[in-house]
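Using the working numbering, count along the sequence shown one by one with no gaps and you end on 415.
For glycine and all other residues, C-beta sits at the position ideal for the given N, C-alpha and C.
Okay, structure first, notes after.
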Amino acid sequence: MTMYKDLDTSLRTIMTPGPVEAEPRVLRAMSTPILGQFDPEFTDIMNETMEMLRQLFQTDNQWAFPVDGTSRAGIEAVLCSIIEPGDRVLVPIYGRFGHLLTEIAERYGADVVTMDTTWGKVFDPQAVIQEMDKVKPKIVAMVHGETSTGCMQPLKEIGEACRQRDALFVVDAVASIGGAEVKVDEWKIDACIGGTQKCLSVPSGMAPITFNSRVESILLQRKKIERGLADPNAQQSRFTRMIRSNYFDLSQLMDYWSPARLNHHTEATTMLYALREGLRIVLDEGLEARFARHQLHEQALVEGIKAMGLELYGNPACKLPVVTCISIPEGVDGESVRSMLLEDFHIEIASSFGPLKGKIWRIGTMGYSCRKKNVLHVLGALEAVLIRHGAPVNAGKALQAALDVYHEAKSKAAL
């Protein structure tokens, strides 16, 4: 008989664009005793989580709750609940996750029109608006922070244009929520999807979403209650427009998260504890202070990388503040560097996908991983590993440049 040992995972410094290191307080919250999903104590926790999500998304929407599943579950829940076969969906693609939006929309029968730009750039909002006028979509779906390229798309003008043209604006803010500004109401976003495992520093397993009354009106038109839950005496016509997924049916999830508490699924109790604690920590820090912290550590990392003699990848004007992309120096085996960082320093950084595979490294400064110790650790280790690989670097410069950023920030704060 095989004997299995106790779990004893290594302590890593995780500097990828997700998942990141979980907040210790979140991990403690996950050991909280289980409650039944309709226990008043638990439904109070559900309601508190919704209140905190509204603040995180900067919205007055009634509907703000997590979908059980990874971030992709939230994206699929939104798209499958509003897309009907033949609906035209415009997806501007500037990295891997624009392709994901396209694929999910196609699987639910959408007529998808795509726009493409070079990975490492974003779209001029006017170009997107011109394409909207040309193809007249029902839905415009965009990624806010594209982790595959380290870029962040300006959204405000596009959101205003969607509202003027009566198109729904769906935004994937998985990478940016909790680490950069996401203003759902001000930017006229109709449905927005976040993630737990990035800037919120909660383990992967829930996808916070919010949507407004424009989306809700579509959901109510497509609503169908499961046969096993529906009142047998109530009239239910044959729904030709019903949402094709049962699990991701937002109209049923609305009933689950509302005072009706319709029994759709068994809530992931421990994950909800984790999300609630993660949100509490974010709001306790304060959104503006949190965004400023991410920008400070990004600046220290960027100055360190440049002082080392490495080149940043992508247009700095549209850089995602929580992901820094670095061009792999000529003649250096990028995967060998990543392996040595993990084996010798217990640091994990990421490679990339598609046309950027093998060409860049991606370093995330997200949530709990976004702190001075981690930034200095990754800079020192990367310099040492690159020297071992024979790469031409400016030895000793990176850490000094980063420390200059921190000391200058400390001096300003003292004034």
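- If you keep only unbroken alpha helix (DSSP H) runs of at least 4 residues inside the segment 6-65, you get 24-29, 40-57.
- Contact fails between the segment 48-64 and the segment 104-113, because fewer than three Cβ pairs, one in each stretch, are under 8 Å apart.
- Residue burial annotation: residue 7 is exposed, with fewer than 16 other C-beta atoms found within 10 angstroms of its C-beta.
- Comparing alpha-carbon positions, the option among 322, 329, 307 lying closest to residue 399 turns out to be 307.
- Assignment of residue 208 by DSSP, reduced to helix, strand and coil, places it in the strand class.
- Pairing residue 300 with residue 86, the inter-Cα distance amounts to about 48 Å.
- Leaving aside the five residues that flank residue 391 on each side, the residues in its chain whose CB is nearer than 8 Å to its CB run, in chain order, 329, 331, 332.
- Contact check for residue 145 against residue 189 fails: the beta carbons are separated by 8 Å or more.
- Along the length of the segment 281-331, whole beta strand (DSSP E) runs at least 3 residues long occupy 323-327, reported in chain order.
- The alpha helix (DSSP H) runs of length 4 or more contained entirely in the segment 101-178 are, from start to end of the chain, 125-135, 156-164.
- By the C-beta density criterion, residue 368 is buried, having at least 16 other C-beta atoms within 10 angstroms.
- DSSP places residue 257 within a helical segment (H, G or I) once states are collapsed to three.
- By the neighbour-count definition (other C-beta atoms within 10 Å, threshold 16), residue 107 is an exposed residue.
- Scanning 344, 261, 348, 72 for the CA closest to the CA of residue 47 turns up 261.
- Between the segment 311-321 and the segment 285-303 there are three or more C-beta pairs closer than 8 Å, enough to call the two in contact.
- Secondary structure of residue 88 (DSSP, three-state): strand.
- Within the same chain, 328, 351, 358, 361 come within 7 Å of residue 334 by CB-CB distance, once the 5 residues on both sides are set aside.
- Contact annotation: residue 379 and residue 402 have beta-carbon atoms nearer than 8 Å.
- From the listed residues 201, 229, 202, 142, the smallest Cα separation to residue 187 is found for 142.
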